[in-house]
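Scroll down for the structure; my scribbles are underneath it.
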Amino acid sequence: MAGNLERALAVLELLAKNGGRMPLAAIADTLNIPRSGTHRLLSMLIDEGFVRQDEDHGEYMLALKLVSLGLIYLSTSGVSDISQPVLDRLAESSGELARLGVVEDDHITFVGKAQGAKSGLRYDPDMGSQPPLHCTASGQAWLSTLSDERAIELVSKQGGLGPKSLNAPRAPKTIQQFLKDLNGARQRGYGVAIETYEAGMTSIAAPVRNPVTGEVVGIVSLAGPTSRLPESRLKELAPSLLSAAADMGAATLSSPLFKRAPAEAAPAQSASAPKKRARAGAKA
Numbered sequence: 001m002a003g004n005l006e007r008a009l010a011v012l013e014l015l016a017k018n019g020g021r022m023p024l025a026a027i028a029d030t031l032n033i034p035r036s037g038t039h040r041l042l043s044m045l046i047d048e049g050f051v052r053q054d055e056d057h058g059e060y061m062l063a064l065k066l067v068s069l070g071l072i073y074l075s076t077s078g079v080s081d082i083s084q085p086v087l088d089r090l091a092e093s094s095g096e097l098a099r100l101g102v103v104e105d106d107h108i109t110f111v112g113k114a115q116g117a118k119s120g121l122r123y124d125p126d127m128g129s130q131p132p133l134h135c136t137a138s139g140q141a142w143l144s145t146l147s148d149e150r151a152i153e154l155v156s157k158q159g160g161l162g163p164k165s166l167n168a169p170r171a172p173k174t175i176q177q178f179l180k181d182l183n184g185a186r187q188r189g190y191g192v193a194i195e196t197y198e199a200g201m202t203s204i205a206a207p208v209r210n211p212v213t214g215e216v217v218g219i220v221s222l223a224g225p226t227s228r229l230p231e232s233r234l235k236e237l238a239p240s241l242l243s244a245a246a247d248m249g250a251a252t253l254s255s256p257l258f259k260r261a262p263a264e265a266a267p268a269q270s271a272s273a274p275k276k277r278a279r280a281g282a283k284a
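Structure below.
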């Protein structure tokens, strides 16, 4: 039973990561499950309402039940109520996409967003996505609060430095460069990714800390076209970003989504560090 459950969950995760639909053969081959066993799993998931089959092409796809459960969980967790006003203000003041990511175990998952771009190019990736840690501002912001050893360990779990950033001209290619970028984020108090994840895209992100324990429970980020976000503009936006991260940290106390056991204590920075940097940036 445990084996079937693990395989069924693996099928759901695979479908979610591949646009929500795949043929049986591709599912079986990717998960290294016999096709007969894969068919039984899919039939079981169809019976339970989590998967449906395209009658015209025969592909299997996620049903809305799984989406519905996720939305119900987010609504009852209170995360939307506490995060949306902060994200809306940040998006409005910056004119770019503002997002909230939750830190859990060895990854970050985006659970909230607000689009500030009114015209021109817009960056608007899928909700629920998990960014690669080594080449995104969000990953950099979180990893910068950990030790170098722990940061390298988490990046290794995602497959190392190469696979996730093949189309990014400025992604770190060596451990030395990765650690240099990480140290820069520690000194600034926020992560910066200029064409390190996608060509033509820039992002900036700050860690969200529990104001009582100092534990990093999430990240707040801004992202948009590099043409609109030169380094000078990033410096202008940094105080607002850090202020939003501090506001979000205070708000997280009311959401059970952010109440979990810490994976590792943050090294050098205290819970008040982002606020201090925000004030310093505002004066500058």
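Throughout the sequence shown, residue numbering follows the UniProt record's numbering, covering 1 to 284 in sequence. We put the CB at the ideal spot given by N, CA and C, even for glycine.
Requested in this report: Check whether the segment 170-190 touches the segment 97-105, counting contact only when three or more Cβ pairs, one atom from each stretch, lie closer than 8 Å.
Outcome: no
Query - Rounded C-alpha distance that separates ASP47 from ALA246 - result: 45 Å
Query - Continuous alpha helix (DSSP H) stretch holding ALA137: start and end - result: 137-143
Query raised in the report: When DSSP labels each residue in this structure, what does ALA10 get in the three-state scheme?
Result: If DSSP states are grouped into helix, strand and coil, ALA10 belongs with the helices.
Query raised in the report: For ALA278, which of helix, strand or coil comes out of DSSP?
Result: Note that ALA278 scores 40 on pLDDT, short of 50, meaning its location in the model is unreliable; the coordinates nonetheless yield the value given after this. The answer is helix: DSSP assigns ALA278 an H, G or I state.
Query raised in the report: So, helix, strand or coil for GLY116, using DSSP?
Result: coil
Report task. Quickly, what does DSSP pair VAL220 with across the bridge? List them, please. Result -> LEU100, ALA206
Report task. Between the Cα of SER43 and those of ASP56, ALA63, THR30, spot the shortest distance and give me the residue it belongs to. Result -> Between SER43 and the set ASP56, ALA63, THR30, the nearest pair of CA atoms involves ALA63.
Query raised in the report: Does DSSP put PRO132 in a helix, in a strand, or in coil?
Result: Of the three classes helix, strand and coil, the one that applies to PRO132 here is coil, per DSSP.
Requested in this report: Mind the definition here: the segment 195-205 touches the segment 133-152 only if three or more C-beta pairs lie below 8 Å; say whether that holds.
Outcome: Taking a cut-off of 8 Å for Cβ pairs, the segment 195-205 and the segment 133-152 touch, as three or more such pairs fall below it.
Query raised in the report: Where are the alpha helix (DSSP H) runs, 4 residues long or more, that stay fully inside the segment 35-63, in chain order?
Result: 35-47
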